[in-house]
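Novice: Okay, here's the structure, questions in a sec.
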Ligand code: HPA
């Protein structure tokens with residue numbers, strides 16, 4: 033195998049050989065949020081295991097399939113299952129799916145996740161638009177030699193989450209009567225949930241929600257100059273806030289409960305998307 037770029041090129045070419053046209057929007061789905069792909073039409077599914085050089089998923093409830101098809105009149109490509117740093121992957125592999133998007137010339141990316149609510153006004157089941165993130169506690173996906181073909185060495189992170197897309201998502205929430213929160217997502221490497229003391233610290237730092245994904249992908253996407261939209265499903269209150277102990281089953285159960293709102297909201301966002 034050659035370098036990272038050549039390896040990713042081989043994977044991208046394989047995917048391109050299986051689909052009829054370039055998708056306008058890519059979506060990476062978080063824990064329990066795979067339902068979005070159920071409403072897609074004319075789908076073509078590719079098992080991650082069949083894509084050359086693609087990493088494998090290991091978490092319960094995370095599938096490993098790429099679904100290409102139409103949703104709300106748009107050609108989209110959905111990653112059902114993502115790679116987390118806590119699974120043991122190199123951070124470059126965590127963002128491997130995002131790198132393929134650059135090689136496939138896809139400009140738009142929606143990132144979704146399950147997250148713990150730090151902001152005391154949130155309740156489990158809320159959807160939160162990610163306005164910005166804090167990522168100081170984990171290694172950067174840009175660490176190591178920079179490949180100028182992907183992006184610059186010191187990319188700006190002032191507007192990781194595209195301002196026009198944030199505005200578009202807010203309008204969709206109003207149109208579809210979705211209660212939409214907005215805030216700062218704090219990325220932690222996991223896999224253990226946080227302690228109450230850690231959550232008090234993250235609250236003091238300005239965090240509204242906490243989770244173990246999304247930010248590496250958002251950084252890689254911004255590095256390669258993509259438009260990014262991030263949406264968290266608040267599946268539980270963070271440690272010490274609700275008084276309960278945290279479990280992965282709770283995270284999956286709550287994401288199941290909000291799946292209709294989540295589908296409605298995302299379908300509306302995708303259907304009304306006019307950024308090419
Ligand atoms: N902490 C970290 N990650 C999470 C949480 C949480 O409370 N809920 C869902 N993912």
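Residue numbers (our numbering): 33 to 308.
Even glycine gets a Cβ: it sits at the ideal position worked out from N, Cα and C.
None of the values given here were measured: they were computed from a predicted structure.
Here's the rule I'm using: 16 or more other beta-carbon atoms within 10 Å means buried, otherwise exposed. How should residue 204 be labelled?
Specialist: As a first step, residue 204 must be located in the chain shown, where it is residue number 172. When all chains shown are included, residue 204 counts as buried.
Novice: Spatial neighbours of residue 158 within its chain, please: CB distance less than 6 Å, with the 5 preceding and 5 following residues excluded, ordered by chain position.
Specialist: The sequence position of residue 158 within the chain shown is 126, counting from 1. 213 and 266, listed in sequence order.
Novice: Does residue 48 come out as helix, strand or coil in the three-state DSSP assignment?
Specialist: Taking the first residue of the chain shown as position 1, residue 48 is located at position 16. Reduced to three states, the DSSP call for residue 48 is helix.
Novice: Can you tell me the Cβ-Cβ gap for residue 111 and residue 59, rounded? I've got them flagged as a contact below 8 Å.
Specialist: Taking the first residue of the chain shown as 1, we reach residue 111 at position 79. Taking the first residue of the chain shown as 1, we reach residue 59 at position 27. The Cβ separation is near 7 Å, so the contact holds.
Novice: Near residue 46, which residues of its chain fall below 6 Å by C-beta distance, leaving aside the five closest residues on each side in sequence?
Specialist: By 1-based counting over the chain shown, the position of residue 46 is 14. The residues are 83 and 84.
Novice: Could you name the residues of the same chain whose beta carbon sits closer than 6 Å to that of residue 298, not counting the 5 residues immediately before and after it, in chain order?
Specialist: Position 266 of the chain shown holds residue 298. Counting only Cβ-Cβ distances below 6 Å, and skipping sequence neighbours, we find 68.
Novice: Ignoring anything shorter than 4 residues or poking outside the stretch 106–149, list the alpha helix (DSSP H) runs there in chain order.
Specialist: Complete alpha helix (DSSP H) runs here, min 4: 123–126 and 128–135.
Novice: Relative to the ligand HPA, is the shortest distance from any of its heavy atoms to the C-beta of residue 220 smaller than 8 Å?
Specialist: If you number the chain shown from 1, residue 220 lands on position 188. Yes, the Cβ of residue 220 comes within 8 Å of a heavy atom of the ligand HPA.
Novice: Buried or exposed: residue 287, going by 16 or more other Cβ atoms within 10 Å of its Cβ?
Specialist: By 1-based counting over the chain shown, the position of residue 287 is 255. Burial call: buried.
Novice: Bridge partners of residue 67, per DSSP?
Specialist: Here residue 67 is taken as the residue at index 35 of the chain shown, counted from 1. Note: residue 67 sits in no beta bridge, so no partner.
Novice: Quick one: grab the DSSP three-state call for residue 268.
Specialist: In the chain shown, residue 268 corresponds to position 236, counting from 1. It is a strand residue.
Novice: To the nearest angstrom, how far is it from the Cα of residue 183 to the Cα of residue 275?
Specialist: Mapped onto the chain shown, residue 183 falls at position 151. Mapped onto the chain shown, residue 275 falls at position 243. Cα-Cα distance, rounded: 44 Å.
Novice: Among the candidates 107, 96 and 132, whose CA atom is the shortest distance from the CA of residue 41?
Specialist: Stepping through the chain shown from its first residue, residue 41 is reached at position 9. The shortest C-alpha to C-alpha distance from residue 41 to any of 107, 96 and 132 is the one to 132.
Novice: Using 8 Å as the cut-off, classify the Cβ of residue 63 as near or not near the heavy atoms of the ligand NAP, replying yes or no.
Specialist: The ligand NAP is not part of the structure shown, which contains the ligand HPA as its ligands.
Novice: Look up residue 191 in the DSSP assignment and say whether it is helix, strand or coil.
Specialist: Position 159 of the chain shown, counting from 1, holds the residue named residue 191. In the structure shown, residue 191 sits in coil (DSSP, three-state: anything other than H, G, I, E or B).
Novice: At the level of alpha carbons, what is the spacing between residue 257 and residue 196?
Specialist: Sequence index remark: in the chain shown, residue 257 carries index 225 (1-based). Sequence index remark: in the chain shown, residue 196 carries index 164 (1-based). Rounded to the nearest angstrom, the two C-alpha atoms are 15 Å apart.
Novice: Evaluate contact between the stretch 69–79 and the stretch 94–105, counting only Cβ atoms and requiring at least three cross-stretch pairs below 8 Å.
Specialist: yes
Novice: Tell me the rounded alpha-carbon separation between residue 147 and residue 234.
Specialist: Taking the first residue of the chain shown as position 1, residue 147 is located at position 115. Taking the first residue of the chain shown as position 1, residue 234 is located at position 202. Cα-Cα distance, rounded: 13 Å.
Novice: Nearest to residue 241 by alpha carbon, out of 152, 194, 135 and 65?
Specialist: For this step, residue 241 is matched to residue 209 along the chain shown. Residue 241 has its Cα closest to that of 152, out of 152, 194, 135 and 65.
Novice: Report the start-end ranges of each beta strand (DSSP E) in the stretch 211–266 that is 3 residues or longer and not cut off at the edges.
Specialist: 212–219 and 241–243
Novice: Could you tell me which residues DSSP puts in a beta bridge with residue 82?
Specialist: Your numbering for residue 82 matches position 50 in the chain shown. Bridge partners of residue 82: none, in fact.
Novice: Looking only at its chain, what residues have a beta carbon closer than 7 Å to the beta carbon of residue 270, apart from the 5 residues adjacent to it on each side?
Specialist: Position 238 of the chain shown, counted from the start, is the residue given in the question as residue 270. Correct list, in chain order: 148, 149, 150, 226, 231 and 242.
Novice: Quick check on this structure: which residue in 48, 289 and 201 has the alpha carbon closest to the alpha carbon of residue 334?
Specialist: Nothing about residue 334 can be reported from this structure: the residues present for the chain run from 33 to 308 only.
Novice: Less than 9 Å between the beta carbons of residue 251 and residue 189, yes or no?
Specialist: The residue labelled residue 251 in the question sits at position 219 within the chain shown. The residue labelled residue 189 in the question sits at position 157 within the chain shown. Yes.
Novice: Here's the rule I'm using: 16 or more other beta-carbon atoms within 10 Å means buried, otherwise exposed. How should residue 248 be labelled?
Specialist: Against the chain shown, residue 248 aligns to sequence position 216. Its Cβ being crowded by 16 or more others within 10 Å, residue 248 is buried.
Novice: Can the beta-carbon of residue 261 be found closer than 9 Å to that of residue 98?
Specialist: Here residue 261 refers to the residue found at position 229 when the chain shown is read from its first residue. Here residue 98 refers to the residue found at position 66 when the chain shown is read from its first residue. Contact flag unset, no.
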